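A.B. asks: Take a look at this one; I'll ask things after.
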Amino acid sequence: MGSGFRWFFIGRTASFIGSAASPVALSFAVLQLTGGDAQAMAYVLAANSLPLIIVTFLGGVLGDRFSRTRLLLTTHCGSAAVLLAIAAVLAFAPHQVWLLVVLSFLAGCLSAVTRPALTGIVPQLVAREQLQRANSSLAMTKSLTRMFGPPLGGVIVALFGGYWAVALDGVMMLAAALCFTRIRLSNETLAPASSVIASLREGFREFAARRWVWTVTLAFAVMNFFYAAIILVMGPVIAEESFGAPGWGLVLGASAAGVLVGSWAMYYARIRHLLAFGMSAACLLAAPMMGLGLDVPIAVLVGLGFVSGLGSGVMGIAWDTSMQQHIAGEVLSRVSSYDVIGSFIAIPIAQLLAVPIASAIGARTFAILAGIITVVAMLAPLLVREVRALRVAPRTL
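Take the sequence shown: its letters are residues -7 to 389, numbered as in the working numbering.
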């Protein structure tokens, strides 16, 4: 792997460090500032997720048409500015929840534009047969930071206030942008200039023509609805009422440890039917949902978080590698944008509906149902022949 990937790897590591602590810190900071108002926290989280539906299309078009390094540089600088603004609001205007909602929406817009380019640039930096190892390396680094980030975020909220963790995220985004300035691409294959609508139509045709892509995307949409409702919204609420922010941080940190182990195993694994294997492993994402629903001890819940991360790590690498190997570079960002939108469209909906649903049927009953449906959703794509038969390129040492 050349110097371009090394600088990309360092830049992504910097952004992972910042992003690891700030989400849990922001969630508990909003809960503290609003006197435990779970719906206010849900509004802030949903505002960050909503742009995935609205803006990711644009990110796919830009990622295929313009230099991905320049796009990443621009969006990371913008993200740094917004995150520092959120930190300032938490520090100096803590009761202005509406302002946090607006800034969270802007941060989500920049993240949505960035996502397709992050997927599309990796095949430009490494050879096709090295994609699985490149994705595994990135996933291992991300999981390492997320092992310590969530517990650290919980401690920072308890001792100093959540704005310090959000400010760190902003500084790390700037560091990542500096790393991206060192990347030089010699093999950029850009989509021909055309209208945005024409580009979107071409991307959708490429997306719809691959049954294995849209089938898995639909399954991810179902899983993400329940993951967002239970893990992102109700998890902190249940934790606030029982074992507290540091305990929930440990659960999230254990999940990151599971991702690390899964990613490490995938670095060395040689699995021909990688996508089918990844979908089977993704069933493990239901484990902490079931744990919350069954009110297991915190030590058991931490273990279930690890199991969930194991499945998430395997699935993430299997999916990214399959997409990058089987979709042409000049349309990869656009196809990825449709995948992102389809997969994550349910998240803001879940964040807004989680509290009403939990109030109607009970938070723990909701968590048990979520776990069961998640398992079914992850296994359903295996009924599609293209998912079972898809193979990856042989890996070189």
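Ideal Cβ positions, reconstructed from N, Cα and C, are used throughout, including at glycine.
Computed from a predicted model, the values in this text were never measured in an experiment.
Look up F196 in the DSSP assignment and say whether it is helix, strand or coil.
C.D. replies: The DSSP-derived three-state label of F196 is helix.
A.B. asks: Which runs of the alpha helix (DSSP H), 4 residues or longer, sit entirely within the segment 42 to 88?
C.D. replies: 43 to 46, 48 to 57, 60 to 84
A.B. asks: Going by DSSP in three states, G3 sits in which element: helix, strand or coil?
C.D. replies: helix
A.B. asks: Have a look at L95 and V47 and give me their C-alpha separation to the nearest angstrom.
C.D. replies: 15 Å
A.B. asks: Please state the DSSP three-state secondary structure of L389.
C.D. replies: Model confidence at L389 stands at a pLDDT of 42, short of 50, so the residue's coordinates are unreliable; what they give is reported in the following sentence. DSSP places L389 in coil when its eight states are reduced to three.
A.B. asks: V114 and Q316: beta carbons closer than 8 Å?
C.D. replies: In this structure, V114 places its C-beta atom within 8 Å of the C-beta atom of Q316.
A.B. asks: Threshold first: 4 residues or longer. Then list the alpha helix (DSSP H) segments lying entirely within the segment 218 to 246, N to C.
C.D. replies: 227 to 233
A.B. asks: I'd like the list of long-range same chain contacts for I263, defined as Cβ closer than 6 Å, with 5 residues on each side in sequence excluded.
C.D. replies: F269
A.B. asks: Find out if the Cβ-Cβ distance for the pair M165, S272 is shorter than 8 Å.
C.D. replies: no
A.B. asks: If you draw a straight line from the C-alpha of Q122 to the C-alpha of G354, how long is it?
C.D. replies: 47 Å
A.B. asks: At which residues does the alpha helix (DSSP H) containing C171 begin and terminate?
C.D. replies: 155 to 172
A.B. asks: On a CA-only basis, which of N216, T26, S7, T209 is nearest L136? Give me that one, please.
C.D. replies: S7
A.B. asks: Under the three-state reduction of DSSP, which class applies to G305: helix, strand or coil?
C.D. replies: Under the three-state reduction of DSSP, G305 is assigned to helix.
A.B. asks: Mark S191 as exposed unless 16 or more other C-beta atoms lie within 10 angstroms of its C-beta, in which case mark it buried.
C.D. replies: Counting Cβ neighbours within 10 Å, S191 comes out buried, since at least 16 surround it.
A.B. asks: Among Y330, P108, R57, Q116, which has the Cα closest to the Cα of R(-2)?
C.D. replies: Nearest to R(-2) by C-alpha distance, out of Y330, P108, R57, Q116, is Q116.
A.B. asks: Thinking F314 and G55 are a contact (beta carbons under 8 Å), I'd like their distance in whole angstroms, please.
C.D. replies: As written in the sequence, residue 314 is Ser, which differs from the Phe given in the question. The Cβ separation is near 18 Å, so there is no contact.
A.B. asks: Please list, in chain order, all residues of the same chain as V36 whose beta carbon is under 6 Å from its beta carbon, the five residues on each side excluded.
C.D. replies: Result list for V36: V22, L92, V93, S96, in chain order.
A.B. asks: What's the C-alpha gap between V347 and V384?
C.D. replies: 41 Å
A.B. asks: What do you get for E194, buried or exposed, if any count of 16 or more other CB atoms within 10 angstroms of its CB means buried?
C.D. replies: buried
A.B. asks: Expressed to the nearest angstrom, what Euclidean distance is found between the alpha-carbon atoms of A274 and G303?
C.D. replies: 5 Å
A.B. asks: For L82 and F1, which I take to be in contact (beta-carbon distance under 8 Å), what is that distance rounded to the nearest angstrom?
C.D. replies: Contact doesn't hold; Cβ gap of about 31 Å is too wide.
A.B. asks: For the alpha helix (DSSP H) containing Q343, list its first residue and its last residue.
C.D. replies: Note, Q343: alpha helix (DSSP H), 338 to 353.
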